[in-house]
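**Q** Before anything else, here's the structure in question.
There are 2 protein chains.
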Amino acid sequence: MDLDLAPVDRAPTYELVISRLKNEIFAGRLRAGDRLPGERQLSEQLGVSRASVREAIRALQALEIVNARPGNGPTSGLIMTARPRIALSNLLRLHVGLASYSVADLMAVRVSLEAQAVTTLVAKDHIDLDGLHALLDRMAAPGVTPDEAQDLDAQFHLSLASQADNPLLADMMQALRDAIATSMLDAFRAQPDWPAFAAGIVAEHRAIVDALEARDGALAVRLMRDHVEAFYDAVADRIEPGATGATAAIGDPEA
Amino acid sequence: MDLDLAPVDRAPTYELVISRLKNEIFAGRLRAGDRLPGERQLSEQLGVSRASVREAIRALQALEIVNARPGNGPTSGLIMTARPRIALSNLLRLHVGLASYSVADLMAVRVSLEAQAVTTLVAKDHIDLDGLHALLDRMAAPGVTPDEAQDLDAQFHLSLASQADNPLLADMMQALRDAIATSMLDAFRAQPDWPAFAAGIVAEHRAIVDALEARDGALAVRLMRDHVEAFYDAVADRIEPGATGATAAIGDPEA
Numbered sequence: 001m002d003l004d005l006a007p008v009d010r011a012p013t014y015e016l017v018i019s020r021l022k023n024e025i026f027a028g029r030l031r032a033g034d035r036l037p038g039e040r041q042l043s044e045q046l047g048v049s050r051a052s053v054r055e056a057i058r059a060l061q062a063l064e065i066v067n068a069r070p071g072n073g074p075t076s077g078l079i080m081t082a083r084p085r086i087a088l089s090n091l092l093r094l095h096v097g098l099a100s101y102s103v104a105d106l107m108a109v110r111v112s113l114e115a116q117a118v119t120t121l122v123a124k125d126h127i128d129l130d131g132l133h134a135l136l137d138r139m140a141a142p143g144v145t146p147d148e149a150q151d152l153d154a155q156f157h158l159s160l161a162s163q164a165d166n167p168l169l170a171d172m173m174q175a176l177r178d179a180i181a182t183s184m185l186d187a188f189r190a191q192p193d194w195p196a197f198a199a200g201i202v203a204e205h206r207a208i209v210d211a212l213e214a215r216d217g218a219l220a221v222r223l224m225r226d227h228v229e230a231f232y233d234a235v236a237d238r239i240e241p242g243a244t245g246a247t248a249a250i251g252d253p254e255a
Numbered sequence: 256m257d258l259d260l261a262p263v264d265r266a267p268t269y270e271l272v273i274s275r276l277k278n279e280i281f282a283g284r285l286r287a288g289d290r291l292p293g294e295r296q297l298s299e300q301l302g303v304s305r306a307s308v309r310e311a312i313r314a315l316q317a318l319e320i321v322n323a324r325p326g327n328g329p330t331s332g333l334i335m336t337a338r339p340r341i342a343l344s345n346l347l348r349l350h351v352g353l354a355s356y357s358v359a360d361l362m363a364v365r366v367s368l369e370a371q372a373v374t375t376l377v378a379k380d381h382i383d384l385d386g387l388h389a390l391l392d393r394m395a396a397p398g399v400t401p402d403e404a405q406d407l408d409a410q411f412h413l414s415l416a417s418q419a420d421n422p423l424l425a426d427m428m429q430a431l432r433d434a435i436a437t438s439m440l441d442a443f444r445a446q447p448d449w450p451a452f453a454a455g456i457v458a459e460h461r462a463i464v465d466a467l468e469a470r471d472g473a474l475a476v477r478l479m480r481d482h483v484e485a486f487y488d489a490v491a492d493r494i495e496p497g498a499t500g501a502t503a504a505i506g507d508p509e510a
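In the order they appear, the protein sequences are chains Z and P. Counting from 1, one number per residue, gives the positions in the first sequence under the working numbering. Counting from 256, one number per residue, gives the positions in the second sequence under the working numbering.
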């Protein structure tokens with residue numbers, strides 16, 4: 001008589017290691033900033049080969065869950081990551097590249113988050129208006145280049161998100177910005193009348209800051225939506241993926 | 256004379272392989288649904304060991320950029336992933352576990368995205384109102400359990416996001432839901448008067464659907480915000496991480 005045995009369904013060992021480490025995180029026993037035991041110690045504790053531990057850790061590094069810090073001190077080694085900004089950015093950028101998401105999709109989500117940020121801000125006692133105006137002064141300076149303006153524009157929007165005291169909101173905003181950074185820069189560079197275009201962006205930003213100062217949330221939200229949507233309409237043909245695919249790799253934080 | 260040479264700064268080979276594959280994505284030469292060459296072919300083309308190729312692919316699998324499909328047919332093998340829902344969920348859940356984000360952070364972002372979804376929906380000619388009412392009928396059925404209600408609640412909110420025709424919005428919503436799914440279920444189960452609590456949720460959902468049917472976007476957004484925030488206020492002490500850390504692993508899609 002022949003036995004009719006189905007194959008044993010067994011995940012690769014490194015996946016079991018990942019699963020065990022994830023459960024430690026979900027259970028709150030591994031927190032951001034904690035240091036993982038070394039490869040040998042993990043291998044002994046878990047009863048698996050060092051190769052399996054290494055593979056698991058590489059996968060967690062790809063997810064930006066674990067960061068390797070050089071050196072031998074107490075803050076070196078494999079540290080649990082505090083914020084997945086780069087992982088989020090990478091994921092979004094890759095999926096714009098894979099055409100899972102269009103730039104229009106990203107813009108619509110960005111508008112929602114920007115609206116959330118300014119709504120939160122107008123409810124706060126203190127807003128760093130001086131910091132925002134200082135960024136806009138730099139952006140309004142004669143001779144500002146598209147590259148400088150793109151960077152200052154990012155800082156302006158990220159400052160609003162950061163001041164809203166919601167790290168997920170700020171990280172999402174950063175990721176969405178990063179995902180379209182090179183496309184935006186291409187669009188800036190292609191403007192036939194760059195100084196006028198830059199001045200328009202600064203004026204729209206100033207109006208948003210004024211609305212924040214007046215604690216007029218509805219106006220600030222409306223101005224922000226108009227600002228992002230007008231920008232997108234003006235440059236949509238240049239920032240859709242495909243149009244800029246060849247240069248998008250420049251901004252790859254891991255390239 | 257001794258030469259004083261600094262060490263060569265060289266990324267591990269598997270990282271170079273990842274970088275090359277990412278650049279193919281950014282350049283639009285690898286799209287969702289495409290099949291990667293096999294391990295041997297990649298190893299020959301890139302001039303690296305098969306072990307390096309394997310490590311790179313495992314890291315890309317951890318990021319849900321590549322999916323392994325079993326079998327030998329034309330749709331099997333290593334396929335470029337179409338949607339990073341699971342990767343986004345994992346990332347958010349892990350970072351709730353790592354205490355990078357609080358459930359309050361997630362809820363605030365979720366409210367923004369829900370508002371975006373209903374705003375988009377009221378501008379559409381067709382909304383699947385019947386489908387939404389059918390879900391609510393099932394949620395209003397006598398004897399509905401917290402587990403069933405949680406699932407139906409998720410389907411309701413995801414249906415709104417999906418109908419907004421923005422895959423990123425839908426994927427973010429799914430990821431945010433997944434990240435707090437077990438915490439929400441704990442909160443449902445702990446309600447002292449579950450039938451009344453469930454009826455309240457259904458009534459709030461019905462009001463949102465009515466506002467959508469009337470194409471009253473402002474009302475729909477307000478009702479949605481009130482609904483999510485009221486729910487959060489009612490159960491906040493149960494769904495903050497730490498309170499539910501021990502059970503959160505149950506819902507791990509990879510556990």
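Ideal Cβ positions, reconstructed from N, Cα and C, are used throughout, including at glycine. What you are looking at is a predicted structure, and each value in this text was computed from that prediction instead of being measured.
#1: To which residues of the same chain is residue 30 of chain Z closer than 6 Å at the C-beta, ignoring the five residues directly before and after it?
#2: Taking any Cβ of chain P, which residues in the stretch 81-107 of chain Z have a Cβ under 9 Å from it, in chain order?
#3: Within 7 Å (strictly less), CB to CB, does residue 322 of chain P reach chain Z?
#4: Are the CB atoms of residue 430 of chain P and residue 343 of chain P nearer to each other than 7 Å?
#5: Looking only at its chain, what residues have a beta carbon closer than 6 Å to the beta carbon of residue 139 of chain Z, apart from the 5 residues adjacent to it on each side?
#6: What's the call for residue 12 of chain Z, buried or exposed, on a 16-neighbour Cβ count within 10 Å?
#7: For residue 440 of chain P, which residues from the same chain have a beta carbon less than 6 Å from its beta carbon, with the 5 sequence-adjacent residues on both sides left out?
#8: Suppose you measure from the CA of residue 28 of chain Z to the CA of residue 136 of chain Z; what does that come to, to the nearest Å?
#9: What three-state label does DSSP hand residue 48 of chain Z in the structure shown?
#10: Between residue 221 of chain Z and chain P, is any beta-carbon pair separated by less than 7 Å?
#11: Does the contact criterion of 3 or more C-beta pairs under 8 Å hold for the stretch 438-453 of chain P versus the stretch 126-136 of chain Z?
#12: Tell me whether residue 255 of chain Z sits in a helix, a strand or coil according to DSSP, three-state version.
#13: Report yes or no: do the stretch 413-432 of chain P and the stretch 97-109 of chain Z share at least 3 C-beta pairs separated by less than 8 Å?
#14: For the ligand HEM, is there a heavy atom less than 6 Å away from the beta-carbon of residue 471 of chain P?
#15: Can you find the residues in the same chain that come closer than 7 Å, C-beta to C-beta, to residue 121 of chain Z, ignoring five residues on each side of it along the sequence?
#16: Who are the neighbours of residue 377 of chain P on chain Z, taking C-beta pairs under 9 Å?
#17: Is it buried or exposed, residue 352 of chain P, if we count other Cβ atoms within 10 angstroms and call 16 or more buried?
#18: In angstroms, rounded to a whole number, what distance separates the CA positions of residue 209 of chain Z and residue 220 of chain Z?
#19: Am I right that residue 453 of chain P and residue 490 of chain P are in contact with their C-beta atoms under 8 Å? What's the rounded C-beta distance?
#20: Smallest Cα separation from residue 205 of chain Z: which of Z:182, Z:114, Z:178?
#21: Would residue 315 of chain P and residue 321 of chain P be called neighbours here (beta carbons separated by less than 7 Å)?
#22: Tell me the rounded alpha-carbon separation between residue 276 of chain P and residue 346 of chain P.
#23: Strictly under 7 Å for the Cβ-Cβ distance: is residue 6 of chain Z near chain P by that measure?
#24: Is the shortest distance between the beta-carbon of residue 62 of chain Z and the beta-carbons of chain P less than 7 Å?
#25: Rounded to a whole number of angstroms, what is the C-alpha to C-alpha distance between residue 38 of chain Z and residue 46 of chain Z?
#26: Grab me the residues of residue 106 of chain Z's own chain with a C-beta within less than 8 Å of its C-beta, minus the 5 sequence neighbours each way, in chain order.
#27: Would residue 323 of chain P and residue 287 of chain P be called neighbours here (beta carbons separated by less than 7 Å)?
#28: Fully enclosed by the stretch 353-386 of chain P, which alpha helix (DSSP H) runs are 4 residues long or longer?
#29: With a threshold of 16 other CB atoms inside 10 Å of the CB of residue 340 of chain P, please say whether the residue is buried or exposed.
#30: Any beta-carbon of chain P closer than 7 Å to the one on residue 158 of chain Z?
**A** Straight from the coordinates:
#1: Residue 30 of chain Z sits at position 30 when you count from the first residue of the first sequence. So the list reads 24, 80, once near-sequence residues are dropped.
#2: 81, 82, 83, 84, 87, 88, 90, 91, 92, 93, 94, 95, 96, 97, 98, 99, 100, 101, 102, 104, 105, 106
#3: Along the second sequence, one-based indexing puts residue 322 of chain P at 67. It does not; no Cβ of chain Z falls within 7 Å.
#4: Within the second sequence, residue 430 of chain P is the residue found at index 175, counting from 1. Within the second sequence, residue 343 of chain P is the residue found at index 88, counting from 1. Yes, the pair counts as a contact, with Cβ atoms nearer than the cut-off.
#5: Position 139 of the first sequence, counted from the start, is the residue given in the question as residue 139 of chain Z. Closer than 6 Å at the Cβ level, and outside the excluded window around residue 139 of chain Z, lie 149, 152, 202.
#6: Residue mapping note: residue 12 of chain Z aligns to position 12 of the first sequence, counting from 1. Label assigned to residue 12 of chain Z: exposed.
#7: In the second sequence, counting from the first residue as 1, residue 440 of chain P sits at position 185. Excluding sequence neighbours, residue 440 of chain P sits near 405.
#8: The residue given as residue 28 of chain Z occupies position 28 in the first sequence. The residue given as residue 136 of chain Z occupies position 136 in the first sequence. Each residue's alpha carbon lies about 42 Å from the other.
#9: The sequence position of residue 48 of chain Z within the first sequence is 48, counting from 1. Here residue 48 of chain Z sits in coil by DSSP.
#10: In the first sequence, the residue the question calls residue 221 of chain Z occupies position 221. Interface with chain P (7 Å Cβ-Cβ cutoff): residue 221 of chain Z is excluded.
#11: The stretch 438-453 of chain P, when compared against the stretch 126-136 of chain Z, does not touch it at the 8 Å Cβ threshold.
#12: In the first sequence, residue 255 of chain Z corresponds to position 255, counting from 1. Legend: pLDDT at residue 255 of chain Z = 33, less than 50; position of this residue unreliable, no value from coordinates given.
#13: yes
#14: Ligands in the displayed structure: none, and consequently the ligand HEM is not present.
#15: For the purposes of this step, residue 121 of chain Z is identified with residue 121 of the first sequence, where counting begins at 1. Here residue 121 of chain Z has 127, 160, 163, 164, 212 as same chain residues with Cβ atoms under 7 Å from its own Cβ, once five neighbours each way along the sequence are excluded.
#16: Position 122 of the second sequence, counted from the start, is the residue given in the question as residue 377 of chain P. Near residue 377 of chain P there are no residues of chain Z at all, since even the closest Cβ is about 15 Å away, more than 9 Å.
#17: On the second sequence, position 97 is the one that residue 352 of chain P refers to. It counts as buried.
#18: On the first sequence, position 209 is the one that residue 209 of chain Z refers to. On the first sequence, position 220 is the one that residue 220 of chain Z refers to. If you take the alpha carbons of residue 209 of chain Z and residue 220 of chain Z, they lie about 8 Å apart.
#19: Indexing the second sequence from 1 puts residue 453 of chain P at position 198. Indexing the second sequence from 1 puts residue 490 of chain P at position 235. Contact flag wrong, Cβ pair sits at about 13 Å.
#20: Here the question's residue 205 of chain Z lines up with position 205 in the first sequence. Considering only alpha carbons, the answer is Z:114.
#21: The residue you call residue 315 of chain P lines up with position 60 of the second sequence. The residue you call residue 321 of chain P lines up with position 66 of the second sequence. Residue 315 of chain P is a Cβ neighbour of residue 321 of chain P, given a cutoff of 7 Å.
#22: Position 21 of the second sequence, counting from 1, holds the residue named residue 276 of chain P. Position 91 of the second sequence, counting from 1, holds the residue named residue 346 of chain P. Rounded to the nearest whole angstrom, the CA to CA distance from residue 276 of chain P to residue 346 of chain P is 21 Å.
#23: In the first sequence, counting from the first residue as 1, residue 6 of chain Z sits at position 6. With 7 Å as the cut-off, residue 6 of chain Z does not count as an interface residue toward chain P.
#24: Here residue 62 of chain Z corresponds to residue number 62 of the first sequence, with the count starting at 1. Interface residue, yes.
#25: Position 38 of the first sequence, counted from the first residue, corresponds to residue 38 of chain Z. Position 46 of the first sequence, counted from the first residue, corresponds to residue 46 of chain Z. Distance between the alpha carbons of residue 38 of chain Z and residue 46 of chain Z is about 12 Å.
#26: Looking up residue 106 of chain Z in the first sequence gives position 106. Closer than 8 Å at Cβ, skipping near neighbours: 92, 96, 176, 179, 180.
#27: Indexing the second sequence from 1 puts residue 323 of chain P at position 68. Indexing the second sequence from 1 puts residue 287 of chain P at position 32. No, they are not a contact pair.
#28: 358-377
#29: Numbered from its first residue, the second sequence carries residue 340 of chain P at position 85. Buried is the call here.
#30: Residue numbering aside, residue 158 of chain Z sits at position 158 when the first sequence is read from its first letter. No, its Cβ sits nowhere closer than 7 Å to a Cβ of chain P.
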